[in-house]
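Okay, so here's the structure we're looking at.
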Amino acid sequence: MICLEKVSKFYPTEAGNYAALKENDIHIRKGEFIAIMGPSGSGKSTLLQLIGGLDEPSFGSISVDGIQLNELNEKQRTLFRREKVGFVFQNYQLLPMMTVAENVGLSLAANKAPKSEIKAIVQRLLEDVNLEGKASQFPSQLSGGQQQRVAIARALAMKPSLILADEPTGNLDRKNGEDVLKLLSRLNKEEQITIVMVTHDPQAAKAADRIIRIEDGEVVGEETNGGNRQ
């Protein structure tokens, strides 16, 4: 489903170009749950942004679900993100002035879906993440774990084939973190949603089918089912 060929990403600095990623080849099958691990500054989040069409590679090609991201203009990339990708971030990125229901239904409203349809979809999604009864509350009234589940429900609103999660348990305690990982695992298994998750937590990475390790912008190894494939 995801194919990166010789992908590099450079950022200009006063000292010259900084290589965030260096000629990486990565292949992810449809329905896989992938964890990307590496030290801070290794290029993990940059990789996620490239896969999600939030940024463009300096060199190389990226294809997601048969779509060549390199060939898309900005408007087409926006449409790609809206239709194909659900994003989940460490800090939730919920709009504080909107209710839970309004946050979850944001993308549906932006697509001008009928209000009755939005209401039905939001209700189902909140039930799926065990937050029924919280629709009229505001993010500030929820725990961190509940806010992250709202963020996951929002990511699911457009029925994405891919979820990109950047440190989704980073701001959560162990119990809430485990609950979020169980939810992502269930979505992966039951809905066959491909999940790519950046994490620094070895325990969180155990939820994945495969771990891709990055150091200094380069893939240095993979692990699957507890075995190491260098």
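The opening residue of the sequence shown carries number 1 in UniProt numbering; numbering runs sequentially from there. Glycine residues also receive a C-beta, built at the ideal position from the N, C-alpha and C atoms. None of these values were measured; they are calculated from a predicted model.
Residues near residue i in its chain [Cβ-Cβ closer than 7 Å; skip 5 each side]
| i | result |
| --- | --- |
| A157 | V104, G105, S107, L108, I121 and L125 |
| Q203 | none |
| L181 | T169, A204 and A207 |
| D179 | G145 |
| P39 | E215 |
| I118 | G105, L108 and A109 |
| S45 | D166 and V198 |
Identity of the residue in the options nearest residue i by Cα
| i | options | result |
| --- | --- | --- |
| T224 | G217, I211, D216 and E127 | I211 |
| A207 | N188, Q192 and V220 | N188 |
| V209 | P139, T169, L131 and E32 | Before going on, a small fix: residue 209 reads as Asp here, not Val. Of P139, T169, L131 and E32, the residue nearest in Cα terms is E32. |
| I67 | T169, E191 and C3 | C3 |
| F59 | E5, Q148 and R82 | E5 |
| G145 | A110, V88, K115 and P160 | V88 |
| N91 | V150, Q123 and E117 | V150 |
| G177 | I118, I34 and Q147 | Q147 |
| N171 | D201, Q123 and E102 | D201 |
| E190 | D128, M98 and D173 | D128 |
| R29 | L131, N130, M1 and K119 | M1 |
| Q93 | D173, K175 and E167 | E167 |
| M98 | F138, K175, G41 and Q123 | F138 |
8 Å CB neighbourhood of residue i in its chain, flanking five on each side removed
| i | result |
| --- | --- |
| L72 | G53 and F80 |
| Y18 | F10, Y11 and P12 |
| E14 | none |
| K84 | V64, D65, I67, P160, S161 and L162 |
Chain-order list of residues whose beta-carbon lies under 6 Å from that of residue i (same chain, five-residue window excluded)
| i | result |
| --- | --- |
| A113 | none |
| G217 | A19, A20, L21, K22 and G43 |
| G227 | Because G227 sits at a pLDDT of 44, beneath the cut-off of 50, its placement in the model cannot be relied upon, and the point is left open. |
| L69 | G53 and I62 |
| Q230 | Because the pLDDT at Q230 is just 36, under 50, the model does not fix this residue reliably, and the point stays unresolved. |
| R77 | G53 |
| G16 | none |
Within 9 Å, strictly: CB atoms of residue i and residue j
| i | j | result |
| --- | --- | --- |
| L142 | A165 | no |
| L47 | N24 | yes |
| T199 | I36 | yes |
| I193 | P160 | yes |
| G86 | I152 | yes |
| D55 | L162 | no |
| I51 | V196 | yes |
| P96 | S136 | no |
| R154 | A110 | no |
| V100 | K134 | yes |
| S116 | P57 | no |
Short CB-CB distance (under 9 Å) between residue i and chain B
| i | result |
| --- | --- |
| C3 | No chain B is part of this structure, which consists of one protein chain only. |
Ranges of the beta strand (DSSP E) found wholly within the region 45–71, counting only runs of at least 3: If we require 3 residues or more, the beta strand (DSSP E) runs fully inside the region 45–71 come out as 59–64.
Of all the alpha helix (DSSP H) runs that stay within the bounds of the region 135–201, which reach a length of 4 or more residues? 144–156 and 174–191
Length at least 4, wholly inside the region 88–116: the alpha helix (DSSP H) runs in chain order: 100–104 and 106–110
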